[in-house]
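In this note's numbering, the protein residues as written are 89 to 266. All C-beta atoms in this analysis are idealised placements derived from N, C-alpha and C, irrespective of residue type, glycine included. Comments concern the structure below.
If you want it as structure tokens, here you go:
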């Protein structure tokens with residue numbers, strides 16, 4: 089997009105150049121013998137030509153081409169700005185997702201700790217005859233659910249990390265299986 093803006097600047101310059109005359113200069117050096125019968129000797133001579141050309145009847149068209157080139161440059165600049173804003177937004181969204189995933193992992197970790205403690209207390213209560221078998225099963229189910237929530241939060245964190253790598257343009261060639 090930056091190159092497009094630069095190219096549009098060049099087009100504006102080319103359109104503005106139509107307001108100036110086109111000047112051509114040519115030169116040549118010749119060494120010849122044009123007529124062998126009358127002029128038997130070789131001789132040299134120079135020839136220089138300078139020409140200027142300008143269409144004076146196309147001022148309105150020139151102005152329109154300059155305005156069109158400026159509009160194209162403005163369009164390219166706005167496209168570049170939109171692209172930059174989209175990248176910034178994508179990076180910010182990636183960071184937000186990463187922070188949210190980190191918080192979810194922390195919360196899920198605390199949930200696992202609480203579920204383990206609850207299971208331990210319920211199991212001890214069951215062994216002492218205070219809790220029923222269904223209370224132990226409920227605590228065990230709550231612990232497994234908390235552990236699954238932690239795994240899901242870790243997976244979300246991995247996806248957020250991969251999203252950040254994608255946004256940053258980082259290509260990872262490592263293969264991880266955990």
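Which residue wins for smallest C-alpha separation from residue i, given the options the options?
{"i": "residue 92", "options": "118, 160 and 237", "result": "160"}
{"i": "residue 176", "options": "256, 236, 209 and 228", "result": "256"}
{"i": "residue 240", "options": "209, 188, 224 and 223", "result": "188"}
{"i": "residue 133", "options": "123, 147, 116 and 152", "result": "116"}
{"i": "residue 169", "options": "249, 90, 251 and 253", "result": "90"}
{"i": "residue 207", "options": "220, 230 and 191", "result": "230"}
{"i": "residue 151", "options": "222, 125 and 104", "result": "104"}
Near residue i, what residues of its chain come up, given a Cβ to Cβ distance below 6 Å and the 5 sequence neighbours on each side ignored?
{"i": "residue 138", "result": "113"}
{"i": "residue 96", "result": "160, 161 and 164"}
Let's see if you can read the secondary structure: which residues bound the beta strand (DSSP E) around residue i?
{"i": "residue 117", "result": "110-120"}
{"i": "residue 136", "result": "131-141"}
Would you identify the three-state DSSP class for residue i, choosing helix, strand or coil?
{"i": "residue 179", "result": "helix"}
{"i": "residue 258", "result": "coil"}
{"i": "residue 219", "result": "coil"}
{"i": "residue 126", "result": "coil"}
{"i": "residue 145", "result": "coil"}
Assign residue i to one of two classes, buried (16 or more other C-beta atoms within 10 Å of its C-beta) or exposed (fewer than that).
{"i": "residue 217", "result": "exposed"}
{"i": "residue 181", "result": "exposed"}
{"i": "residue 209", "result": "exposed"}
{"i": "residue 247", "result": "exposed"}
{"i": "residue 212", "result": "exposed"}
{"i": "residue 245", "result": "buried"}
Can you find the residues in the same chain that come closer than 8 Å, C-beta to C-beta, to residue i, ignoring five residues on each side of it along the sequence?
{"i": "residue 265", "result": "Because the pLDDT at residue 265 is just 49, under 50, the model does not fix this residue reliably, and the value given afterwards should be weighed accordingly. Answer for residue 265: no residue qualifies."}
Give the range of the alpha helix (DSSP H) segment to which residue i is assigned.
{"i": "residue 101", "result": "90-104"}
Is there a C-beta anywhere in chain D that falls below 7 Å from the one on residue i?
{"i": "residue 147", "result": "Among the chains of the structure shown, chain D does not appear; only one protein chain is present."}
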